[in-house]
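One structure below.
Residue numbers (this note's numbering): 238 to 339.
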């Protein structure tokens, strides 16, 4: 299952640091297992437009800026706290459930 992690959908929008998101992704990758591929989208949500993933983890602060087309995809929102605390368990659980349903 392809999972894209989107840091921001608006140019110039303040978001969590890329290095912190990378550490969060590494923790997700380690816990989720080999059935999942995680890709970081720092290009303002371009992968949402390209429909390049099965699931998107999108920074919560970008929620209001998503277009209706972007919202129609499978999106799970994450927050600063999730990233800074490396709080991955609920995301791994959700992704594994989605993978079973696929």
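The C-beta atom is built at its ideal place from N, Cα and C for all residues, glycine as well.
In this structure, the straight-line span from the alpha carbon of residue 295 to that of residue 275 is close to 13 Å. By the neighbour-count criterion, in which a residue is buried when 16 or more other Cβ atoms sit within 10 angstroms of its Cβ, residue 304 is exposed.
If you draw a straight line from the Cα of residue 240 to the Cα of residue 318, it comes to about 20 Å. In the structure shown, residue 239 adopts extended strand secondary structure according to DSSP, grouped into three states. Contact between the region 242-261 and the region 309-324 is present, with at least three C-beta pairs closer than 8 Å.
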